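> Sharing a structure below in structure tokens format, with a few things to ask.
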Amino acid sequence: MKENSTGKDLKEVASELIGVKDNQIFYTIRGLTLRPGRVIESYLEGSRKPLISPVIYFFGLLTLEYIVTSLSGYRDFYLESQLLQVQEAFGKHESLSEGDVQIMIDKMGGFLQFLVSEMGQKLLMLPVALLLVSLVYINQNKGFKGNSWLALYAFGHMKLLTIPITFLWLAGMPLFYIGLGSFLVSILYWVYATKDFYRFSLKRAVLMGLLFYLVYFLIFTVIGGIAGAYIGFTSVFEAGN
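Each residue of the sequence shown is one higher than the one before, counting from 3 in our numbering.
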């Protein structure tokens with residue numbers, strides 16, 4: 003009896019600290035899995051008692067993803083693989099010395115580490131995604147708040163669904179297939195969530211989802227290109243001095 007009481011006390015203290023109770027976790031995960039549109043509409047209408055807020059849900063799962071991928075070694079594995087590609091790309095230029103290449107790799111590594119970190123997702127990737135959702139789905143009359151709640155809930159749930167896929171690297175699966183699997187799961191869930199929330203036909207949900215992801219990747223391709231050009235220019239300048 004004493005052990006049960008202690009366990010109950012610990013659970014209650016933990017719930018108070020994070021502001022989330024067991025039933026909220028269960029109802030939110032179940033709702034976002036089965037009927038994401040209904041969960042978001044319920045939260046917008048003020049029926050929030052059995053639900054985790056979209057902000058807490060997203061940032062909680064962002065933290066969980068960071069912890070799991072760091073402890074499993076996947077994050078380091080991913081960054082090392084990306085840096086090897088950078089090294090191969092810059093190493094082909096005969097005009098660059100080994101010192102130039104090393105400076106570029108170090109700077110690009112810092113940029114990639116920021117991009118995939120919690121801080122990078124909070125300060126760069128999330129704001130871009132929230133703004134893009136509101137622009138792509140501007141004609142659905144859900145307002146910025148409705149679109150934002152959809153995005154935060156959906157992005158958080160995508161992380162919950164894709165975290166298990168990252169463990170496949172331990173079985174020797176190539177990074178490309180892990181990334182492809184995570185992308186397919188993410189876009190399928192996004193189509194499913196937007197179809198339910200905006201009451202789209204399947205065809206329209208797919209087309210809008212593809213448009214959203216296409217523009218999203220184009221934006222970060224441009225950001226990556228600008229960052230790469232800046233790093234290349236400053237690295238050569240520093241090496242020359």
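No residue lacks a Cβ here, since even glycine has one placed at the ideal position from N, Cα and C.
The structure displayed is predicted, hence computed values, not measured ones.
1. By the 10 Å Cβ neighbour count, where 16 or more other Cβ atoms means buried, how is GLN87 classified, buried or exposed?
2. Please tell me whether ASN25 and PRO52 are closer than 8 Å, where the distance is taken between their beta carbons.
3. Apart from the five residues just before and just after GLY145, which ones in its own chain have a Cβ nearer than 7 Å to its Cβ?
4. So the alpha helix (DSSP H) GLY39 belongs to, where does it begin and stop?
5. Apart from the five residues just before and just after ILE233, which ones in its own chain have a Cβ nearer than 8 Å to its Cβ?
6. Measuring only the C-alpha atoms, how far is TYR45 from LEU154?
7. Report all residues from its chain with a CB closer than 6 Å to the CB of LEU162; omit the five preceding and five following residues, and keep chain order.
8. Going along the chain, which residues of its own chain have a beta-carbon closer than 8 Å to the beta-carbon of ARG32, five neighbours each way excluded?
9. For the segment 72 to 81 against the segment 163 to 178, do three or more pairs of beta-carbon atoms, one drawn from each stretch, fall closer than 8 Å, so that the two count as touching?
10. Can you list, in chain order, the residues of its chain with a C-beta nearer than 6 Å to that of PHE214? Leave out the 5 residues immediately preceding and following it.
11. Three-state secondary structure (DSSP) at LYS161?
12. How about MET210 and PHE219: do their beta carbons lie closer than 8 Å?
Straight from the coordinates:
1. For this step, residue 87 is matched to residue 85 along the sequence shown. Its Cβ having fewer than 16 others within 10 Å, GLN87 is exposed.
2. As a position in the sequence shown, residue 25 is number 23, starting the count at 1. As a position in the sequence shown, residue 52 is number 50, starting the count at 1. Against a cut-off of 8 Å, the Cβ pair of PRO52 and ASN25 comes out as a contact.
3. As a first step, residue 145 is located in the sequence shown; it is residue number 143 there, counting from the start. No residues qualify anywhere along the chain.
4. Against the sequence shown, residue 39 aligns to sequence position 37. 38 to 47 is the span of the alpha helix (DSSP H), which, as asked, contains GLY39.
5. The residue given as residue 233 occupies position 231 in the sequence shown. If we look at ILE233 and ignore the five residues flanking it on each side, its Cβ neighbours are MET106, LYS109, MET110, PHE113.
6. Here residue 45 corresponds to residue number 43 of the sequence shown, with the count starting at 1. Here residue 154 corresponds to residue number 152 of the sequence shown, with the count starting at 1. About 12 Å.
7. For the purposes of this step, residue 162 is taken as the residue at position 160 of the sequence shown. Around LEU162: LEU63.
8. Position 30 of the sequence shown, counting from 1, holds the residue named residue 32. Cβ neighbours of ARG32 beyond the five flanking positions: none.
9. yes
10. Here residue 214 is taken as the residue at index 212 of the sequence shown, counted from 1. Excluding positions up to five away in sequence, the list reads VAL138.
11. Counting from one through the sequence shown, the residue named residue 161 turns up at place 159. Here LYS161 sits in helix by DSSP.
12. The residue you call residue 210 lines up with position 208 of the sequence shown. The residue you call residue 219 lines up with position 217 of the sequence shown. Not a contact, by the Cβ cut-off of 8 Å.
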